[in-house]
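Taken in order, the sequence shown gives residues 12 to 151; the numbers are from our numbering.
Think of the CB as a built atom: it goes at the ideal place given N, C-alpha and C, for glycine as much as any other residue.
Report on the structure given below.
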Amino acid sequence: TWVDKRLKYDGPIEILRLNNLMVSKVWTPDTFFRNGKKSVAHNMTAPNKLFRIMRNGTILYTMRLTISAECPMRLVDFPMDGHACPLKFGSYAYPKSEMIYTWTKGPEKSVEVPEESSSLVQYDLLGHTVSSETIKSITG
Numbered sequence: 012t013w014v015d016k017r018l019k020y021d022g023p024i025e026i027l028r029l030n031n032l033m034v035s036k037v038w039t040p041d042t043f044f045r046n047g048k049k050s051v052a053h054n055m056t057a058p059n060k061l062f063r064i065m066r067n068g069t070i071l072y073t074m075r076l077t078i079s080a081e082c083p084m085r086l087v088d089f090p091m092d093g094h095a096c097p098l099k100f101g102s103y104a105y106p107k108s109e110m111i112y113t114w115t116k117g118p119e120k121s122v123e124v125p126e127e128s129s130s131l132v133q134y135d136l137l138g139h140t141v142s143s144e145t146i147k148s149i150t151g
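Shown next, in the form of structure tokens:
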């Protein structure tokens, strides 16, 4: 979520539920996955996006994505190795002075992994951690 004070409103409707066509009319972050090899936005029947504006100008915007991430593996004790696969994201064009990502529910509750989603045929998800980092680039 983020706040755009230009979108504050008064009225009987507490939350404006906008369709996918309206998303292009409002500023949205240019988030990309830094270690993503391939990302797919789901569009079956309609784009899988949720866009809401609250009275105070708070915007909730989510979309369904499938991301294939680059995960370097250190095969030291094969096949008993443990691997970490970070999913790194950030702004493509905005520097830190203009846009900062924060975990709104705190680092422990912002990322949820349902039990049924935590196992693959060959792997088990043993846990997850949430952290932040600042990367310096040529553009800021």
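When the options are compared against residue i, the one with the closest alpha-carbon
{"i": "residue 144", "options": "125, 78 and 99", "result": "99"}
{"i": "residue 2", "options": "147, 69, 141 and 137", "result": "In the structure displayed, the chain extends from 12 to 151; residue 2 sits before or after that span and is not available."}
{"i": "residue 24", "options": "75, 66 and 149", "result": "66"}
{"i": "residue 108", "options": "147, 97, 89 and 49", "result": "147"}
{"i": "residue 74", "options": "20, 51, 89 and 112", "result": "51"}
{"i": "residue 125", "options": "28, 82 and 139", "result": "139"}
{"i": "residue 49", "options": "115, 120 and 80", "result": "80"}
{"i": "residue 31", "options": "22, 53, 20 and 21", "result": "53"}
Cutoff 8 Å; reference residue i; Cβ partners in own chain excluding five residues on either side
{"i": "residue 41", "result": "102, 103, 104 and 105"}
{"i": "residue 38", "result": "15"}
Other residues of its chain near residue i: CB distance less than 6 Å, five sequence neighbours each side excluded
{"i": "residue 93", "result": "none"}
Contact check, residue i vs residue j, beta carbons under 8 Å
{"i": "residue 64", "j": "residue 12", "result": "no"}
{"i": "residue 68", "j": "residue 137", "result": "no"}
{"i": "residue 78", "j": "residue 47", "result": "yes"}
Nearest-angstrom Cα separation, counted from residue j out to residue i
{"i": "residue 85", "j": "residue 44", "result": "22 Å"}
{"i": "residue 76", "j": "residue 58", "result": "10 Å"}
{"i": "residue 87", "j": "residue 95", "result": "14 Å"}
{"i": "residue 55", "j": "residue 61", "result": "14 Å"}
{"i": "residue 35", "j": "residue 83", "result": "36 Å"}
{"i": "residue 149", "j": "residue 112", "result": "19 Å"}
{"i": "residue 90", "j": "residue 114", "result": "35 Å"}
{"i": "residue 11", "j": "residue 21", "result": "Because the chain spans 12 through 151 in this model, residue 11 falls outside it and cannot be assessed."}
Strand pairing of residue i, partner residues [DSSP]
{"i": "residue 146", "result": "DSSP output for residue 146 lists no bridge partner at all."}
{"i": "residue 42", "result": "102"}
{"i": "residue 74", "result": "60"}
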